[in-house]
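**Student:** Right, I'll just put the structure down here and ask away after.
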Amino acid sequence: MTSKVHLDHAHLLHLLKAMIRIRRFEAKCVELYQAQEILGFLHLYDGEEAVSVGVIEALTPQDAIIATYREHGQALARGVDPGCLMAEMMGKLNGCCRGRGGSMHFFDRSHRFYGGNAIVGGGLPLALGVALADKMQGRSSVTACFFGEGAVDEGEFHETLNLAKLWRLPILFVCENNRYSMGMAVERAEADIDFVHKASGYRIAGEKVDGMDVVAVESAAKNAVDRVRSDSEPYFLECQTYRFRAHSMFDAQLYRSKDEVEEWRKKGPILRFRTWLEANRLIKAEELSTIEEAVEKEIAAAVAFAAAGGLEPVSEIDRFVTMEAIPS
Amino acid sequence: MPALGADMEAGTLVEWLVKPGDRVNSGDVIAVVETQKGAIEVEVFQTGVLSDILVPVGERVPVGTVLAQIDGAERATPAPAAEPVITPPPIVAPRKTPPLRAVVAPRVGRLKVTPAARRRAAALNVDIATIVTGSGVEGSIRLADVESAGAAPVRAAAKRGLDLSQMRKAIAAAMSRSKREIPHYYLTETVDLSAASTWIERFNVDKPPVERILPAVLFLKAAALALREQLRLNGAYENDAFVPSSNIHVGWAISLRGGGLIAPAIRDADKKSLAELMGAMRDLVERARRGNLRSSELTSPTVTVTNVGDRGAESVTGIIYPPQVSIVGFGRVVARPWVVDGRIESRPLVTVTLAADHRATDGHIGGLYLAAVARLLQEPEKL
Amino acid sequence: MSAPQTNPTATRITYREACKQALREALLADSRVFLMGEDIGRYGGCYAVTKGLLKEFGEERIRDTPLSESAFVGAGVGAAMAGMRPIVEIMTVNFSLLALDQILNNAVTIPHMSGGQFAIPLVIRMATGGGRRVAAQHSRSLEGWYAHIPGLRILTPATVEDARFMLKGALADPNPVIIFEHVMLYNMESDLSSDVTEVDIARAMTHRPGRDVSLITYGGSLSKALQAADALAADGIEAEVIDLRVLRPLDTKAILESVSKTRRCVIIDEGWRSGSISAEIGMRIVEEAFFELDAPLRRVCSREVPIPYAAHLEDACLPQTATIVAAARELVRPT
Chain A
258 MTSKVHLDHA HLLHLLKAMI RIRRFEAKCV ELYQAQEILG FLHLYDGEEA VSVGVIEALT
318 PQDAIIATYR EHGQALARGV DPGCLMAEMM GKLNGCCRGR GGSMHFFDRS HRFYGGNAIV
378 GGGLPLALGV ALADKMQGRS SVTACFFGEG AVDEGEFHET LNLAKLWRLP ILFVCENNRY
438 SMGMAVERAE ADIDFVHKAS GYRIAGEKVD GMDVVAVESA AKNAVDRVRS DSEPYFLECQ
498 TYRFRAHSMF DAQLYRSKDE VEEWRKKGPI LRFRTWLEAN RLIKAEELST IEEAVEKEIA
558 AAVAFAAAGG LEPVSEIDRF VTMEAIPS
Chain B
481 MPALGADMEA GTLVEWLVKP GDRVNSGDVI AVVETQKGAI EVEVFQTGVL SDILVPVGER
541 VPVGTVLAQI DGAERATPAP AAEPVITPPP IVAPRKTPPL RAVVAPRVGR LKVTPAARRR
601 AAALNVDIAT IVTGSGVEGS IRLADVESAG AAPVRAAAKR GLDLSQMRKA IAAAMSRSKR
661 EIPHYYLTET VDLSAASTWI ERFNVDKPPV ERILPAVLFL KAAALALREQ LRLNGAYEND
721 AFVPSSNIHV GWAISLRGGG LIAPAIRDAD KKSLAELMGA MRDLVERARR GNLRSSELTS
781 PTVTVTNVGD RGAESVTGII YPPQVSIVGF GRVVARPWVV DGRIESRPLV TVTLAADHRA
841 TDGHIGGLYL AAVARLLQEP EKL
Chain C
5 MSAPQTNPTA TRITYREACK QALREALLAD SRVFLMGEDI GRYGGCYAVT KGLLKEFGEE
65 RIRDTPLSES AFVGAGVGAA MAGMRPIVEI MTVNFSLLAL DQILNNAVTI PHMSGGQFAI
125 PLVIRMATGG GRRVAAQHSR SLEGWYAHIP GLRILTPATV EDARFMLKGA LADPNPVIIF
185 EHVMLYNMES DLSSDVTEVD IARAMTHRPG RDVSLITYGG SLSKALQAAD ALAADGIEAE
245 VIDLRVLRPL DTKAILESVS KTRRCVIIDE GWRSGSISAE IGMRIVEEAF FELDAPLRRV
305 CSREVPIPYA AHLEDACLPQ TATIVAAARE LVRPT
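Just so you know, the sequences run in chain order A, B and C. Numbers given in this note's numbering equal positions in the first sequence, counted from 1, plus 257. Numbers given in this note's numbering equal positions in the second sequence, counted from 1, plus 480. Numbers given in this note's numbering equal positions in the third sequence, counted from 1, plus 4.
The following block contains the structure:
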């Protein structure tokens with residue numbers, strides 16, 4: 258199933274860099290959060306980077322993305338400028354949403370990034386509409402709809418899967434199964450923990466993939482996206498992954514053991530991929546340090562960009578409550 | 481704040497004539513209050529030392545509010561309420577009609593004034609406190625009330641004096657209430673005034689103008705004396721019961737220049753001489769037109785007599801002033817053919833009309849009363 | 005409401021037919037327009053508004069949906085974000101509660117939260133109101149709730165003309181618009197002049213001028229208010245009847261002008277009194293026209309109970325002409 262993925266040297270380094278970028282970006286966010294430069298909720302993607310990097314690698318710029326409140330990874334993997342994202346984290350006017358959305362609500366129209374969404378399951382019906390609009394307007398775009406396994410418990414999940422199949426909409430459903438909906442373990446929340454099986458209840462094809470393996474995710478996603486595009490049918494991808502850090506910042510993590518977290522850390526997507534690259538002599542030490550330095554510079558530039566940003570004047574607070582025109 | 485009329489709810493204190501520490505005697509006038517009927521002097525019925533003034537000048541307070549404190553108060557005379565009354569016979573007729581709502585419910589506390597009325601009052605320089613009867617929701621004073629108050633010509637005058645637009649309202653309220661609540665019956669009698677006219681002419685012939693009497697005085701005295709024979713026409717109907725009065729205080733209707741009507745009391749009219757009555761009438765007319773009546777004069781009438789005089793109509797059928805139960809009207813004296821001993825002669829005649837409250841009396845009593853008036857007017861020298 | 009037949013080119017149609025003509029016109033005018041909703045296609049619409057449209061426009065544009073309010077309303081939001089002009093029908097307002105997440109959390113939030121990157125030109129139509137003896141769950145009047153939400157435009161066509169032309173204005177609006185069609189109005193017939201081709205969707209309308217008291221209402225209560233005005237006229241009381249037409253953004257100016265003239269106001273609202281649109285209107289009057297008032301404000305609202313099935317009970321719950329008359333009379337001529 259990996260035949261379509263071009264595992265050339267540059268691509269492998271690109272995947273590694275994309276994951277490291279997300280990891281470093283979020284590490285900086287934690288630092289800024291503790292310095293109170295970033296406020297509110299901060300849901301980190303630490304441990305799940307392979308999912309967004311792998312899936313989005315399979316998309317074209319014409320494809321659309323719907324994400325969740327844990328969407329830093331998707332936005333960065335999609336190529337949204339880290340400076341705009343960091344500025345958004347810091348509530349600045351030069352943020353991607355003028356500082357109005359913050360961590361949970363990145364939007365970027367130019368990247369067809371239809372938002373982080375803080376309502377669990379709330380993004381799924383939007384994916385129907387975006388895919389329907391593309392289809393009705395004759396575009397061959399695919400909509401990648403990310404959601405956590407907790408969203409499967411919402412009615413909107415079931416309504417959406419049913420309608421997507423019924424109307425044969427080109428949606429790639431990406432279930433990021435990190436095993437916990439906040440503190441609720443998947444085994445304690447699901448009568449059936451086989452999510453692909455649930456999707457099959459709506460006659461939607463799907464598969465499970467190791468979400469800690471970026472190559473496996475990319476490979477599965479490429480096949481899935483091709484299938485969605487060619488058949489104009491939804492597809493379901495369950496990416497099994499793990500969140501290394503707290504649900505949000507203020508979380509004592511009483512619901513899981515440190516040993517469990519440590520076990521998963523050993524399988525961490527960056528560590529694992531880097532180790533595999535090193536073991537197969539696909540990366541040199543200086544290449545790794547070049548990547549790390551480049552990412553450090555990117556992040557430093559992003560922070561500088563954000564820090565230099567101004568604040569939206571309070572006088573503009575009413576702007577866009579209603580739109581005067583439809584943006585083109 | 482004394483109640484100075486059935487429809488009075490509140491008054492504005494406009495002047496204190498005494499200060500704390502002053503000794504006051506029963507009957508003294510101690511303050512002046514402004515009502516819809518004009519400025520009225522407040523008498524005390526106690527003797528003592530005024531220790532405290534509780535309501536300052538300019539404040540509008542509801543009836544019943546204590547205005548001042550008098551220490552060592554001793555009642556010099558029995559309070560009006562303690563006056564001996566004739567025990568009324570039991571009223572047996574069941575009353576199916578529920579008591580009608582009072583024209584204006586007693587207003588306690590803050591005045592209700594609509595915002596629009598308040599703003600207009602400021603623009604027109606109308607003192608809202610002088611508007612007693614609000615016509616709005618829950619008795620609130622609304623725009624129209626202020627505008628009619630603001631349109632009254634006497635507004636520019638000093639605070640003391642009559643507010644005719646307010647008086648008009650008070651009359652409207654009292655008369656409307658009367659017509660709503662009181663089942664009137666009317667009886668009329670035409671009386672030959674030959675004897676009375678002759679007697680007056682003779683009485684006046686050598687008198688200076690100030691001592692001369694008018695036929696109206698005879699009417700007043702006759703009406704008052706006749707009431708002694710029919711006391712059930714004299715008193716007050718309140719709280720579903722008639723309370724007769726043994727004192728005959730005649731409210732003498734006085735029309736005011738520019739409109740308006742007021743009927744202050746001539747106390748114990750039946751006991752006063754014609755000269756005394758004439759003096760009392762002159763005094764009342766003068767003070768009424770100045771807007772300078774005493775509070776007790778407005779509250780004490782037990783009956784009303786109205787005389788239309790030389791320029792009036794031939795007969796007058798009155799509307800009872802609540803809570804009184806009768807009003808006696810005398811028309812203009814006219815010369816008319818009259819049968820005397822089978823012959824037609826020209827005689828001066830007056831039409832006397834009684835309007836009486838059927839809840840208190842029946843027509844039989846009224847008939848006897850008019851007959852008494854007619855009889856008394858035939859013997860003017862005995863009046 | 006029913007204009008006299010002075011215009012020779014006027015045609016007499018029902019409110020239902022006016023709604024349908026509006027939809028048909030929209031579908032013909034713009035290929036991006038499509039309809040979604042439960043039983044709008046083969047069934048012809050619960051209230052028969054969309055009957056015949058499937059045959060004319062096909063399944064691609066007249067989309068029957070499963071009973072998944074959140075999914076198809078959310079699909080409308082997403083499609084609007086991605087360039088379409090969806091018109092979503094929710095069968096009745098009570099079912100809209102199942103889609104409230106999509107309306108509130110997405111449709112009205114995304115334009116602002118995205119810093120103006122996305123507009124949501126979505127039109128949602130739904131039936132509202134009581135009077136059809138269908139008991140509590142189907143007799144809601146929740147348009148006042150929706151009027152609470154910034155970012156929405158709330159339209160309440162009370163006349164055939166508004167039913168015919170408000171949709172056009174709604175589709176031209178780059179923002180989510182909810183059109184509340186009162187269930188008791190679908191069979192109402194009225195003349196429609198051929199001169200009129202559009203109506204504005206920003207202003208209230210004075211249906212009857214008067215100087216003594218303003219009757220401010222909307223939707224299904226308009227006809228009751230007009231009947232009340234007739235009854236009051238027989239009494240010598242001239243009532244001014246204002247049809248709000250738009251509950252959000254409220255035409256405050258029209259309300260204040262009327263009340264400043266009449267100085268008395270009865271607000272008739274089929275919603276429950278507490279926290280209602282009538283409360284909002286009353287408060288705006290007090291805030292901005294306090295010194296014009298010559299009487300307390302009065303409201304005629306639905307009784308604060310779940311609307312019962314039994315006819316006499318339902319009638320006792322809803323605003324009625326007699327209660328409007330009594331409220332107005334009390335303000336003008338207190339007893």
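By construction, the Cβ of each residue, glycine as well, lies at the ideal position given by its N, Cα and C atoms.
If we require 4 or more residues per run, which alpha helix (DSSP H) segments fall completely within the segment 408-462 of chain A?
**Tutor:** The qualifying runs are 412-423, 443-446 and 452-457.
**Student:** Measure the C-alpha to C-alpha separation of residue 389 of chain A and residue 525 of chain A and round it to an integer number of angstroms.
**Tutor:** When rounded, the distance between both Cα atoms is 36 Å.
**Student:** Within 8 Å (strictly less), CB to CB, does residue 560 of chain A reach chain C?
**Tutor:** No, because no Cβ of chain C sits closer than 8 Å to the Cβ of residue 560 of chain A.
**Student:** Write down the C-beta distance between residue 600 of chain B and residue 627 of chain B rounded to the nearest angstrom, noting that I regard them as a contact closer than 8 Å.
**Tutor:** Contact flag correct, Cβ pair sits at about 7 Å.
**Student:** Taking the C-alpha atoms as reference points, what is the distance between residue 309 of chain C and residue 321 of chain C?
**Tutor:** Approximately 8 Å between the Cα atoms of the pair.
**Student:** Nearest by alpha-carbon distance to residue 318 of chain A: which of A/311, A/335, A/363 and A/487 is it?
**Tutor:** The candidate whose alpha carbon is nearest that of residue 318 of chain A is A/335.
**Student:** What residues in its chain sit with their C-beta under 7 Å from that of residue 511 of chain B, if we drop five residues either side in the sequence?
**Tutor:** Within the same chain, residue 511 of chain B has close Cβ partners 493, 495, 496, 497, 522 and 547.
**Student:** Near residue 478 of chain A, which residues of its chain fall below 6 Å by C-beta distance, leaving aside the five closest residues on each side in sequence?
**Tutor:** These residues qualify, in order along the chain: 311, 312 and 315.
**Student:** Determine the chain B residues that contact residue 267 of chain C at a beta-carbon separation under 7 Å, and present them in chain order.
**Tutor:** Residues of chain B passing the Cβ test: 596 and 623.
**Student:** Within 8 Å (strictly less), CB to CB, does residue 338 of chain C reach chain B?
**Tutor:** Yes, contact with chain B.
**Student:** If the cut is a Cβ gap below 8 Å, which residues of chain E does residue 299 of chain C touch?
**Tutor:** Looking for chain E here will not work: the only protein chains present are A, B and C.
**Student:** I want to see whether chain C comes within less than 8 Å of residue 354 of chain A, judged by CB atoms only; does it?
**Tutor:** Output row for residue 354 of chain A: interface = yes.
**Student:** Since residue 512 of chain B sits in a beta bridge, which residues does DSSP pair it with?
**Tutor:** The partner list for residue 512 of chain B (beta bridge, DSSP) reads B/495 and B/521.
**Student:** Return the chain-ordered list of same chain residues with a C-beta closer than 8 Å to the C-beta of residue 56 of chain C, the five sequence neighbours on each side being excluded.
**Tutor:** Answer for residue 56 of chain C: 24 and 48, listed in chain order.
**Student:** Which residues in chain B sit within 9 Å of residue 335 of chain C, going by Cβ to Cβ distance?
**Tutor:** Simply 616 and 617.
**Student:** Pick helix, strand or coil for residue 291 of chain C, following the three-state DSSP scheme.
**Tutor:** Residue state, collapsed to three classes: helix.
**Student:** Residue range of the alpha helix (DSSP H) that residue 666 of chain B falls in?
**Tutor:** Segment 664-672 is the beta strand (DSSP E) holding residue 666 of chain B; no alpha helix (DSSP H) there.
**Student:** If contacts are defined as beta-carbon pairs under 8 Å, then residue 382 of chain A and residue 173 of chain C qualify, I think. What distance do you get, rounded to the angstrom?
**Tutor:** Rounded, the Cβ-Cβ distance is 26 Å, inconsistent with contact.
**Student:** Of all the CB atoms in chain C, is at least one closer than 8 Å to the CB of residue 371 of chain A?
**Tutor:** Judged by the 8 Å Cβ criterion, residue 371 of chain A is in contact with chain C.
**Student:** Quick one: residues in its chain with C-beta nearer than 7 Å to the C-beta of residue 111 of chain C, no 5 flanking neighbours on either side, listed in chain order?
**Tutor:** Same-chain partners within the cutoff: 81, 124, 126 and 180.
**Student:** Could you tell me the alpha carbon to alpha carbon distance between residue 228 of chain C and residue 143 of chain C, rounded to whole angstroms?
**Tutor:** Rounded to the nearest angstrom, the two C-alpha atoms are 17 Å apart.
**Student:** Determine contact between the segment 343-362 of chain A and the segment 275-292 of chain A, defined as no fewer than three beta-carbon pairs at a distance below 8 Å.
**Tutor:** Touching, per the Cβ criterion.
**Student:** List the DSSP bridge partners of residue 212 of chain C.
**Tutor:** DSSP, once it has assigned bridges, lists C/245 as partnering residue 212 of chain C.
**Student:** Secondary structure at residue 44 of chain C, three-state DSSP: helix, strand or coil?
**Tutor:** Residue 44 of chain C: coil per DSSP, three-state reduction.
**Student:** Looking at the C-beta of residue 557 of chain B, does it have a partner C-beta in chain C at a distance below 8 Å?
**Tutor:** The predicted model places residue 557 of chain B with a pLDDT of 41, which falls under 50 and marks its position as unreliable; any figure quoted below should be read in that light. Not an interface residue.
**Student:** Between which two residues does the beta strand (DSSP E) holding residue 724 of chain B run?
**Tutor:** It spans 721-724 - the beta strand (DSSP E) in which residue 724 of chain B sits, taken as one unbroken run.
**Student:** Residue 562 of chain A and residue 359 of chain A: beta carbons closer than 8 Å?
**Tutor:** Not in contact: residue 562 of chain A and residue 359 of chain A (Cβ atoms no closer than 8 Å).
**Student:** With 16 as the cutoff for other CB atoms within 10 Å, does residue 728 of chain B come out buried or exposed?
**Tutor:** Burial call: buried.
**Student:** Check residue 733 of chain B in the structure and name its three-state DSSP category.
**Tutor:** Here residue 733 of chain B sits in coil by DSSP.
**Student:** What residue from A/320, A/506, A/463 and A/271 has the CA that sits closest to residue 295 of chain A's CA?
**Tutor:** Checked all of A/320, A/506, A/463 and A/271; the closest Cα to residue 295 of chain A is A/506.
**Student:** Give me the DSSP bridge partner(s) of residue 787 of chain B.
**Tutor:** Bridge partners of residue 787 of chain B: B/810.
**Student:** Here's the rule: buried if 16 or more other CB atoms are within 10 angstroms of the residue's CB, otherwise exposed. What is residue 176 of chain C?
**Tutor:** Answer is exposed; the Cβ neighbour count stays below 16.
**Student:** In terms of residues, what are the limits of the beta strand (DSSP E) holding residue 275 of chain C?
**Tutor:** Its beta strand (DSSP E) spans residues 269-276.
**Student:** Would you identify the three-state DSSP class for residue 479 of chain A, choosing helix, strand or coil?
**Tutor:** Note: residue 479 of chain A maps to helix in three-state DSSP.
**Student:** Taking 8 Å as the cut-off, decide whether the C-beta atoms of residue 363 of chain A and residue 332 of chain A are in contact.
**Tutor:** Result yes, Cβ atoms of residue 363 of chain A and residue 332 of chain A sit closer than 8 Å.
**Student:** Along the segment 276-300 of chain C, where does the CB come closer than 8 Å to a CB of chain B? Name the residues.
**Tutor:** Result list: 294, 295, 296, 297, 298, 299 and 300.
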